[in-house]
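So the structure is just underneath, and the comments pick up after that.
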Amino acid sequence: MTAAFSESEMMIVAAARELAGQRVCFVGVGLPNIAVNLAKRTVSPEMELVYEAGVFGARPARLPLSIGDPTIVTGATAVTSMFELFAFYLQGGLIDVGFLGAAQIDRFGNINTTVIGEYATPRTRLPGSGGACEIAINARQVFVIMRQSARSFVERIDFRTSPGNLGGAENAARIRREQGWLGRGPSVVVTDLGIWHFDEAGEMRLDSLHPGATVERVRETIGWEPKMAPDPATTPAPTDEELRLIRVELDPEGTYTA
Amino acid sequence: MSSKVASMRDAIADLVRDGDTVAIEGFTHLISFAAGHEIIRQRKRDLTLARLTPDVVYDQMVAAGVARKLIFSWLGNPGVGGLGAIRRVTEGPLPALELEEYSHFGMVARYTAGAANLPFFPIRSYFETDLPSANPLIRPVESPYGDGVVYAVPPLKPDVTVVHAQRASAVGDTQVWGLLGCQKEAAFAADRVIVVVEELVADEVVRADPNRTIIPGLIVDAVVVEPWGAHPSYVQGAYDRDNRFYLDWDPISRSAEATEAWLREWVRELDDRAAYVEKLGPERVSSLRPGRAPSGVVDYGVYR
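Chains as they are written, first to last, in our numbering: chain W, 14 to 271; chain P, 2 to 305.
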């Protein structure tokens, strides 16, 4: 029998599994950090971890407290200036997956991490882009991990910090081609309730529901009429080993899973 | 060249002027909290503070009233959450702090253009985002070779850049290992440079490993020897990030009164960094020492 687990643990595990087979991953701030480090210890031991602080091939011995932790340096393949990291590794086309978090997302995977409300007079001032804007444009594909709520999954985001499929796949593909983007845009969004991929129209589609999550809750936590696979799969529950890695090795304080 | 070693008090008094653009750089690593605190003690005014990640040190400086504007790309307490003092003056109907906002690559490119004496730097970012409309200094530029449009950012030339480092010689030849951030670019872009180091070393130490020098004394105006000057951030190989401090800052910064009380106790009522380290206490300090992981030795060779 599998141990009881939280929605956050399920989200982190599902996100880590999506990284199976990926070669080079640019690790974003927050939840991506733990998901990518779990993947490195499970489905993708060969994956190269890239941190915007200027590290290629990180082998963190502990979960980095921030994306600039000294543990990403010791034992890494290369430490570079941030200029080299962004110019040669990211803009040069070496990143397979950019893994981002978000405060708001829309049905086409466009992301806001800048403000809630008007830009000049915000209700809530969020961190801003960091490297997310150029990651979304230059990484070959983008993965997103975030909790679902009516405030975060919205019909219209308040500010477009990082572009997804813009107003739809056809338009986005044309613009990417014309402007010479390297990225194909978002390919998966993992939440505390399920796993979303993007359909031919460039719109999020629910393909898998986590154990215990219901279609009703998905609808309650989303600001548009969501597309769903005709018969959504059930995400396999976390294994004992995945839970041990999260609880004992990666996040014993429960920072990401509280 | 003669020695540039100075006290933090003298370096800040001589080199930082009211109204200056000041960059205390360091990407989570090597952040000169000691310089930030001395700027607060000296009650500098109307500073424009540039930094990719205005984190706790700029939250403290904004709370202390030294700043009128931030130039930045990511605003937060890394790994923890928001910055209370900055949020208080940037949210709501009447923001009191001017913001000029880029992405990380945009900020790095700005320092690079400043250091290289270029009119702008082109990058493949900002396409189809709201950032160029939020900040009209981010502008599209057509390639002169007819292969499309990229975005340009203008040079950033701080009046003063402050860099914390593991070691430097008395003339300011400065060596860093671990995360390099964009300190080199920010220093070369600046009019005046203050280097703050854990350790002052002989010229021969620098010359034995020239690949590790990121900033030459040629562009350095003052060398301040200030062990633990980057606390609560970290110095690779010397001390770890004091994560408890970052967690504790969250509730403090949410309250204007608690923030002011902290500034009084830990900055204004202390004479200098040595007093701060003494107040932290030996136990707190020694708990941050990492184990050892020395690099191998390389052979540069002798060529006569």
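Every residue gets a Cβ at the ideal spot worked out from N, C-alpha and C, and that includes glycine.
Quantities reported herein were computed from a predicted structural model and do not represent experimental measurements.
Could one say the Cβ of residue i lies closer than 9 Å to chain P's Cβ atoms, at least one of them?
| i | result |
| --- | --- |
| residue 14 of chain W | Confidence at residue 14 of chain W is low in this model, with a pLDDT of 45, below 50, so its placement is unreliable and the value that follows should be read with caution. Taking Cβ atoms only, chain P never reaches closer than 9 Å to residue 14 of chain W, which makes this a no. |
| residue 67 of chain W | yes |
| residue 109 of chain W | no |
| residue 175 of chain W | yes |
| residue 2 of chain W | Residue 2 of chain W is absent from the structure shown; chain W starts at 14 and stops at 271. |
| residue 86 of chain W | yes |
| residue 100 of chain W | yes |
| residue 192 of chain W | yes |
| residue 188 of chain W | yes |
| residue 248 of chain W | no |
| residue 92 of chain W | yes |
| residue 152 of chain W | no |
| residue 162 of chain W | no |
| residue 142 of chain W | yes |
| residue 172 of chain W | yes |
Is residue i near residue j, with beta carbons less than 9 Å apart?
| i | j | result |
| --- | --- | --- |
| residue 139 of chain P | residue 175 of chain P | no |
| residue 158 of chain W | residue 45 of chain W | yes |
| residue 119 of chain P | residue 70 of chain P | no |
| residue 179 of chain P | residue 230 of chain P | no |
| residue 21 of chain P | residue 160 of chain P | yes |
| residue 4 of chain P | residue 197 of chain P | no |
| residue 158 of chain P | residue 110 of chain P | no |
| residue 234 of chain P | residue 30 of chain P | yes |
| residue 71 of chain W | residue 64 of chain W | yes |
| residue 223 of chain W | residue 23 of chain W | yes |
| residue 24 of chain P | residue 112 of chain P | yes |
| residue 203 of chain W | residue 20 of chain W | no |
| residue 77 of chain W | residue 75 of chain P | no |
| residue 155 of chain W | residue 113 of chain W | yes |
| residue 181 of chain P | residue 92 of chain W | yes |
| residue 202 of chain P | residue 8 of chain P | no |
Going by DSSP, which residues form a beta bridge with residue i?
| i | result |
| --- | --- |
| residue 183 of chain P | DSSP, once it has assigned bridges, lists no residue as partnering residue 183 of chain P. |
| residue 235 of chain P | P/30 |
| residue 154 of chain W | W/110 |
| residue 138 of chain W | W/128 |
| residue 240 of chain W | W/218 |
For chain W, check one thing: does any of its Cβ atoms lie closer than 9 Å to the Cβ of residue i?
| i | result |
| --- | --- |
| residue 294 of chain P | yes |
| residue 244 of chain P | yes |
| residue 232 of chain P | no |
| residue 279 of chain P | no |
| residue 63 of chain P | no |
| residue 59 of chain P | no |
| residue 1 of chain P | For residue 1 of chain P there is no data in the structure shown, the boundaries of chain P being 2 and 305. |
| residue 271 of chain P | no |
| residue 125 of chain P | yes |
| residue 237 of chain P | yes |
| residue 149 of chain P | yes |
| residue 291 of chain P | yes |
| residue 157 of chain P | no |
| residue 188 of chain P | no |
| residue 21 of chain P | no |
| residue 214 of chain P | no |
| residue 178 of chain P | yes |
| residue 228 of chain P | no |
| residue 50 of chain P | no |
Taking only three categories from DSSP, how would you classify residue i?
| i | result |
| --- | --- |
| residue 85 of chain W | helix |
| residue 271 of chain W | coil |
| residue 59 of chain W | coil |
| residue 107 of chain P | helix |
| residue 210 of chain P | coil |
| residue 251 of chain P | helix |
| residue 200 of chain P | strand |
| residue 99 of chain W | helix |
| residue 162 of chain P | strand |
| residue 149 of chain W | helix |
| residue 270 of chain P | coil |
Could you tell me if residue i is buried or exposed, where buried requires 16 or more neighbouring beta carbons within 10 angstroms of its beta carbon?
| i | result |
| --- | --- |
| residue 277 of chain P | buried |
| residue 288 of chain P | exposed |
| residue 14 of chain W | In this prediction, residue 14 of chain W scores a pLDDT of 45, lower than 50, which makes its location untrustworthy; the coordinate-derived value is nonetheless stated afterwards. By the 10 Å Cβ count, residue 14 of chain W comes out exposed. |
| residue 185 of chain P | buried |
| residue 266 of chain P | exposed |
| residue 107 of chain P | buried |
| residue 212 of chain P | exposed |
| residue 212 of chain W | exposed |
Please confirm if residue i has its CB atom under 9 Å from at least one CB of chain C.
| i | result |
| --- | --- |
| residue 80 of chain W | No chain C appears in the structure shown, which is made up of the protein chains W and P. |
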